[in-house]
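Asker:
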Amino acid sequence: MAPPKTRRPGFSRRAQYGLFFGYVVAVGGVLLALLLLFLAVSDRLGFTGLRGAALDLTAPVSAGGRSAVRFVTGGGELVTGYFGAAARNRELTRQLSAIQHRLIEARAIELENRQLKRMLKLNSAATDAITTARVVSSSFDSSRRLATIDAGRRKGVEVGQPVRAPEGLIGRIIETGLFASRVLLVTDGANNVPVRLVRDGTPALATGRGDGTIELKPLEVGKNPFKRGDILVTSGVGGIYPPGVPVAIVVSVNRDDTVARPLADPSRIDFAIVQNIYEPAANQPLVTAPAQAPPPAVEAPQ
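Add 23 to the 1-based position in the sequence shown for my numbering, that's all there is to it.
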């Protein structure tokens, strides 16, 4: 049997009290609204005070709610900022790495440009230059001190021709191919270069030691004219090497030997020029006078 449409709460006192208090609250709300409306029309000053009192009562509640909302919102922003900071950190790291790579490339290009400018200046000054070549390799830990350049017979390179850089003498050609050649460095034990002191023109012989340095042997027996920091250049005696090319700087003077360091280090040089074999004149003296123009300035070792 279906329940009647006008169903009453029955004998449940809780339901009856609930329904009664609902009616009371509704009627009370209506009466309060009518009272407030009446006050707003008849006594505006009193109504304003009432509104102020209501505002004072609700302000702490509103402040607490606002703080709770800001706390929740701030926590969300903090979490978002944390994960966003990690992503930004990765992006900044990537950008910094790219900038460092570009900076290294720019410095390498700048260094190469400086070397090319010096080579162009040297090439224009050396009237006997055969060609300009790149130093593609050089030996470091071998007793034989050799280097390879990317110029061969196709560019007129021949065995015996001297090879130099703006810094000084590198060596001479000992083997040629069509597109590349091998250079015997001045630091090789099989290479002997007639040199002279720039300071007073004293002749000497520079012989490679096979360890990256050069031993200087004066032609006058029993006399050691060398001083630390002395510069030596080629003398032109015996041909092959033209006179006046910087060769080495003295780094150690002992009782038994004098050690010098080559001014042109193939491991730090990218370009070099190949020159014609020097042929001294028949009436040229064996010991040439000191050159009038000073060689390039070189810092003495500390």
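C-beta atoms are modelled at their ideal positions from N, C-alpha and C, and glycine is treated no differently. These figures come from a predicted structure and were not determined experimentally.
Look at the alpha carbon of ILE300 and the alpha carbon of GLN118, and state the distance between them as a whole number of angstroms.
Answerer: Position 277 of the sequence shown, counted from the first residue, corresponds to residue 300. Position 95 of the sequence shown, counted from the first residue, corresponds to residue 118. So the alpha carbons of these two residues sit roughly 53 Å apart.
Asker: Taking its Cβ as the centre, do 16 or more other Cβ atoms sit within 10 Å of VAL53, making it buried, or is it exposed?
Answerer: Counted from its first residue, the sequence shown places residue 53 at position 30. Looking at its Cβ environment, which holds fewer than 16 other Cβ atoms inside 10 Å, VAL53 is exposed.
Asker: Give me the DSSP bridge partner(s) of PRO217.
Answerer: Locating residue 217 in the sequence shown gives position 194, where the first residue counts as 1. Partner(s): LEU228.
Asker: Just to confirm, are ILE196 and VAL282 a CB contact at a threshold of 8 Å?
Answerer: The residue given as residue 196 occupies position 173 in the sequence shown. The residue given as residue 282 occupies position 259 in the sequence shown. Contact flag unset, no.
Asker: Would you say PRO266 and GLY259 are within 8 Å of each other, going by their C-beta atoms?
Answerer: Counted from its first residue, the sequence shown places residue 266 at position 243. Counted from its first residue, the sequence shown places residue 259 at position 236. Yes, the Cβ-Cβ distance between PRO266 and GLY259 is below 8 Å.
Asker: Please state if the CB of LEU242 and the CB of ALA229 are separated by a distance shorter than 8 Å.
Answerer: Position 206 of the sequence shown, counted from the first residue, corresponds to residue 229. Position 219 of the sequence shown, counted from the first residue, corresponds to residue 242. Cβ distance not < 8 Å, so ALA229 and LEU242 don't count as in contact.
Asker: With PHE249 as the anchor, note down where its beta strand (DSSP E) starts and where it stops.
Answerer: The count along the sequence shown starts at 1 and reaches residue 249 at position 226. No beta strand (DSSP E) holds PHE249; DSSP gives it neither H nor E.
Asker: For GLU238, which three-state DSSP category applies?
Answerer: Reading the sequence shown from its first residue, position 215 is the one you call residue 238. GLU238 falls in the strand class under three-state DSSP.
Asker: Label PHE44 either buried or exposed according to how many other C-beta atoms from any shown protein chain fall within 10 Å of its C-beta, with 16 as the threshold for buried.
Answerer: In the sequence shown, counting from the first residue as 1, residue 44 sits at position 21. So PHE44 counts as exposed.
Asker: Tell whether a beta-carbon distance below 8 Å holds between THR257 and VAL221.
Answerer: Numbered from its first residue, the sequence shown carries residue 257 at position 234. Numbered from its first residue, the sequence shown carries residue 221 at position 198. Cβ atoms of THR257 and VAL221: not closer than 8 Å.
Asker: Give me the Cα-Cα distance between LYS178 and THR210, rounded to the nearest whole angstrom.
Answerer: Counted from its first residue, the sequence shown places residue 178 at position 155. Counted from its first residue, the sequence shown places residue 210 at position 187. Cα to Cα, LYS178 sits roughly 26 Å from THR210.
Asker: Which residue or residues does DSSP assign as beta-bridge partners of ALA283?
Answerer: Against the sequence shown, residue 283 aligns to sequence position 260. DSSP, once it has assigned bridges, lists ILE237, VAL273 as partnering ALA283.
Asker: Tell me whether the beta-carbon of LEU169 lies closer than 8 Å to the beta-carbon of LEU208.
Answerer: On the sequence shown, residue 169 is found 146 positions in, with the first residue counted as 1. On the sequence shown, residue 208 is found 185 positions in, with the first residue counted as 1. Yes, the Cβ-Cβ distance between LEU169 and LEU208 is below 8 Å.
Asker: Where does the unbroken beta strand (DSSP E) through ARG291 begin, and where does it stop?
Answerer: The count along the sequence shown starts at 1 and reaches residue 291 at position 268. Unbroken run through ARG291: none, as it is neither H nor E.
Asker: When we look at the beta-carbon of GLY194 and count the other beta-carbons within 10 Å, is it buried (16 or more) or exposed?
Answerer: For the purposes of this step, residue 194 is taken as the residue at position 171 of the sequence shown. Result: buried.
Asker: Among residues of its own chain, excluding the 5 on either side of THR199, which ones have a beta-carbon nearer than 7 Å to its beta-carbon?
Answerer: Looking up residue 199 in the sequence shown gives position 176. If we look at THR199 and ignore the five residues flanking it on each side, its Cβ neighbours are GLY175, ARG176, VAL180, GLU181, VAL182.
Asker: Run the CB neighbour count on GLN184, radius 10 Å, all protein chains shown included, and call it buried at 16 or more, exposed below.
Answerer: Residue numbering aside, residue 184 sits at position 161 when the sequence shown is read from its first letter. That one is buried.
Asker: My output table needs one value for GLN39: the three-state DSSP class, helix, strand or coil.
Answerer: Counting from one through the sequence shown, the residue named residue 39 turns up at place 16. Helix at GLN39.
Asker: Report the partner residues of GLU198 according to the DSSP bridge assignment.
Answerer: Locating residue 198 in the sequence shown gives position 175, counting from the first residue. BP columns for GLU198 point to ARG205.
Asker: Residues in its own chain within less than 6 Å of SER166 by CB, not counting five upstream and five downstream?
Answerer: Taking the first residue of the sequence shown as 1, we reach residue 166 at position 143. Closer than 6 Å at Cβ, skipping near neighbours: GLY233.
Asker: Please list, in chain order, all residues of the same chain as ARG157 whose beta carbon is under 7 Å from its beta carbon, the five residues on each side excluded.
Answerer: The residue labelled residue 157 in the question sits at position 134 within the sequence shown. For ARG157, where only same-chain residues beyond five positions count, the Cβ hits under 7 Å are ILE172, ASP173, ASP293, PHE294.
Asker: Let me know if ALA108 comes out buried or exposed under the rule of 16 or more other beta-carbons within 10 Å of its beta-carbon.
Answerer: Taking the sequence shown and counting its residues from 1, the one referred to as residue 108 is at position 85. Label assigned to ALA108: exposed.
Asker: Can you give me the C-alpha to C-alpha distance between GLY245 and ARG125, rounded to a whole angstrom?
Answerer: Position 222 of the sequence shown, counted from the first residue, corresponds to residue 245. Position 102 of the sequence shown, counted from the first residue, corresponds to residue 125. If you take the alpha carbons of GLY245 and ARG125, they lie about 57 Å apart.
Asker: Any heavy atom of the ligand COA closer than 7 Å to the beta-carbon of LEU228?
Answerer: In terms of ligand content, the structure shown is empty, and the ligand COA therefore cannot be addressed.
Asker: Would you decide whether VAL48 is buried or exposed? Buried here means 16 or more other CB atoms lie within 10 Å of its CB.
Answerer: For this step, residue 48 is matched to residue 25 along the sequence shown. By the neighbour-count rule (16 or more Cβ atoms within 10 Å), VAL48 is not buried but exposed.
Asker: Determine the burial state of LEU13: buried for a count of at least 16 other Cβ atoms within 10 Å of its Cβ, exposed for fewer.
Answerer: No answer is possible for residue 13: the residues shown for the chain start at 24 and end at 325.
Asker: My guess is that SER290 and SER161 are in contact by the Cβ rule of under 8 Å, so how many angstroms apart are they, rounded?
Answerer: Here residue 290 refers to the residue found at position 267 of the sequence shown. Here residue 161 refers to the residue found at position 138 of the sequence shown. At roughly 6 Å, the Cβ-Cβ gap stays under 8 Å, so SER290 and SER161 are in contact.
Asker: Whole angstroms is fine: what's the gap from ARG113's alpha carbon to ILE122's?
Answerer: Residue numbering aside, residue 113 sits at position 90 when the sequence shown is read from its first letter. Residue numbering aside, residue 122 sits at position 99 when the sequence shown is read from its first letter. Cα to Cα, ARG113 sits roughly 14 Å from ILE122.
Asker: How many angstroms separate the CA atom of VAL186 from the CA atom of ARG278?
Answerer: By 1-based counting over the sequence shown, the position of residue 186 is 163. By 1-based counting over the sequence shown, the position of residue 278 is 255. Distance between the alpha carbons of VAL186 and ARG278 is about 32 Å.
Asker: Could you give the distance in angstroms between the alpha-carbon of ALA56 and the alpha-carbon of LEU42?
Answerer: Looking up residue 56 in the sequence shown gives position 33. Looking up residue 42 in the sequence shown gives position 19. Roughly 21 Å separates the two Cα atoms.
Asker: Near GLY212, which residues of its chain fall below 6 Å by C-beta distance, leaving aside the five closest residues on each side in sequence?
Answerer: As a first step, residue 212 must be located in the sequence shown, where it is residue number 189. The residues are GLY231, GLY233.
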